[in-house]
Amino acid sequence: MRDVLLQKIQDRKATVGIIGLGYVGLPLAVEFAKGGFKVIGYDVSERVVRGLMEGRSHIQDVSSSDIAKLVKQKLFEATTDQERLRQADAISIAVPTPLGKTRDPDMSYVIAAADTVSRTAHKGLLVVLESTTYPGTTREVLLPILTKLGLTVGEDVFLAFSPERVDPGNPKYHTKNTPKVVGGITQACTELASALYSSVIDEVVPVTTTEAAELVKLLENTFRSVNIGLVNEMAIVCDKLGVDVWEVIEAAGTKPFGFMKFTPGPGIGGHCIPLDPHYLAWKMRTLNYKTRFIDLASEINSQMPAYVVEKVAQALNDERKAVNGSRVLIIGVAYKPDIDDIRESPALDVMRLLERNGADVVFHDPHIASYREDGHTRTGVELSNDELRRADAVVIVTDHRSIDYQMLMDNAALIVDSRNAMAKAVKTRARVVSLASTRFTGMAAEPA
Ligand SMILES: NC(=O)c1ccc[n+]([C@@H]2O[C@H](COP(=O)([O-])OP(=O)(O)OC[C@H]3O[C@@H](n4cnc5c(N)ncnc54)[C@H](O)[C@@H]3O)[C@@H](O)[C@H]2O)c1
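Going by the working numbering, the sequence shown opens with residue -19, and the numbers climb by one from there.
1. Report the three-state DSSP secondary structure of residue -7 (helix, strand or coil).
2. Expressed to the nearest angstrom, what Euclidean distance is found between the alpha-carbon atoms of residue 9 and residue 147?
3. Can you tell me where the beta strand (DSSP E) with residue 86 in it begins and where it stops?
4. Assuming residue 194 and residue 114 make a contact with CB atoms under 8 angstroms, what is their CB distance in whole Å?
5. For the 8 angstroms Cβ check, are there 3 or more pairs between the segment 74 to 94 and the segment 254 to 266?
6. Classify residue 410: buried if its beta carbon has 16 or more other beta carbons within 10 angstroms, exposed otherwise.
7. How far does the alpha helix (DSSP H) with residue 186 in it extend, from its first residue to its last?
8. Do you know how far the Cα of residue 341 is from the Cα of residue 404?
9. For residue 145, verify whether its CB is less than 7 angstroms away from any heavy atom of ligand 1.
10. So is residue 428 buried or exposed if we call it buried at 16+ other beta carbons inside 10 Å?
11. Could you work out which residue in 352, 350, 345 and 357 is closest to residue 374 when comparing CA atoms only?
12. Are the Cβ atoms of residue 131 and residue 103 separated by less than 8 angstroms?
13. Looking at residue 397 and residue 383, is the spacing between their C-beta atoms short of 8 angstroms?
14. Can you tell me whether residue 153 is buried or exposed, with buried defined as 16 or more other CB within 10 angstroms of its CB?
15. Is residue 158 near ligand 1, going by C-beta to nearest heavy atom under 7 angstroms?
16. Which whole runs of the beta strand (DSSP E) in the segment 220 to 276 are 3 residues long or more, in chain order?
17. Between residue 21 and residue 56, is the Cβ-Cβ spacing less than 8 angstroms?
18. Can you tell me which of the three DSSP states residue 48 falls into?
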């Protein structure tokens, strides 16, 4: 079986099935199809499937013209019919792995995808889980499903984990040129999964077990969460000391070794950094171990929206205004610059907290015209001089590159800047309040 599948992969005659056509699954599907493999993308969303088959991409980093071309060439098809996956020689699973209300892993999507695999699996199939999850998932959830079918993993079928590292909106690194880690249940599993990914991805990094591969992803994202937590705390420290946190970070960043620059902000968002470390924390709780770094970083990061709101309240207070009744214009609701994703965005918390305190909150985001939350649609406002002048406070939550920050400076009365986005604007009208307000003004500083 191993040699037959390997040959099919090397000849690009293998059909690749992808379960879940979102931020991770769709770019992967496109990469395989562009590499000459026939790709069957299965998704439960009829809207997603219909759009793709009509040549429309719903993912910012994937162009509609690429999709339309690959559909026309019959290299890519999207379907809601899981039976189509019977034709696949390899299946990659890229379904969501959110947290439940109690912040425990919600494995329902992975279990549903595993069920799809069990209905369509056959001898000679390679299955790769890509969804970020706790160490042990591939062995504990997927392996029994295949063995229950009477298939021997490593001989009849092959099973591996390979974490996706896609960074939406990153102009330099995308699926093809980001090294891909692969760990199989057996050596043959690792070899086959490595062979498949090496056909379309520049560099594949094999590790010896599925658990190691699962943990690689969690280490990467925990590393980010902890370091963001550290600089966020540094912003609070600098505020209390009256020192400019951005100046400190810039200067520390000139050290050519042993320091990596992270920047403070209003909190963390997206489907990865706020969630993934909790998968590891949960797993370790089942082993009676408390992951203190994860918990501490999460505590600091999740308090940042409230910290921003406190800054807004203080800044309004300086002008004898209350949050209650003030009009606040939020700039940027996406969780990071230059993308259109609001999942877990700290902007949503900032807005909620301001509204809870009686503020009249509006938002502008060049990438998000409107979004739905708790059953309601929220529509953004156009960025205009009038809108800026109407606001009692403008709060920069996400520093999209396409925003005209000088326009903000020239028209707003008060700007609370959680991202240092105003650093390059020439001082004119607005009073700018940073996350860490400066008490000591240096020799070169302009008088306020
Ligand atoms: N978004 C990122 O930047 C990113 C980066 C690295 C890793 N990841 C991980 O990749 C996984 C997928 O994330 P995403 O951002 O692509 O999610 P997504 O929500 O963008 O896409 C998931 C897709 O899966 C579909 N789906 C859900 N259940 C299904 C099922 N049972 N069968 C078939 N399709 C199903 C949904 O309709 C959706 O289209 C997660 O584990 C995430 O942690 C995400």
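Backbone N, C-alpha and C fix where the C-beta goes; we use that ideal spot for every residue, glycine too.
Well, looking at it:
1. Secondary structure of residue -7 (DSSP, three-state): coil.
2. Spanning the alpha carbons of residue 9 and residue 147 requires a straight line of approximately 16 angstroms.
3. Counting along the chain, residue 86 sits inside no beta strand (DSSP E), nor does DSSP assign it H or E at all.
4. Yes, residue 194 and residue 114 are in contact; Cβ-Cβ is about 7 angstroms, under 8 angstroms.
5. In short, these stretches touch, since the Cβ pair count reaches three.
6. So residue 410 ends up on the buried side.
7. Careful: residue 186 lies outside any alpha helix (DSSP H), inside the beta strand (DSSP E) at 184 to 187.
8. The C-alpha of residue 341 is placed about 26 angstroms away from the C-alpha of residue 404.
9. Within the cutoff, so yes.
10. Residue placement at residue 428 cannot be trusted, given a pLDDT of 47 that sits under 50; what the coordinates show is reported in the next sentence. So residue 428 ends up on the exposed side.
11. Put simply, of 352, 350, 345 and 357 the residue whose alpha carbon is nearest the alpha carbon of residue 374 is 345.
12. Taking C-beta atoms as the reference points, residue 131 and residue 103 count as a pair closer than 8 angstroms.
13. It is not a contact, given that the beta carbons lie outside the stated cut-off.
14. Around the beta carbon of residue 153, fewer than 16 other beta carbons sit within 10 angstroms, so the residue counts as exposed.
15. Flag unset: Cβ of residue 158 not near ligand 1.
16. The DSSP assignment places no complete run of the beta strand (DSSP E) inside the segment 220 to 276 (cut-off: 3 residues).
17. Using a Cβ distance threshold of 8 angstroms, residue 21 and residue 56 count as a contacting pair.
18. Helix.
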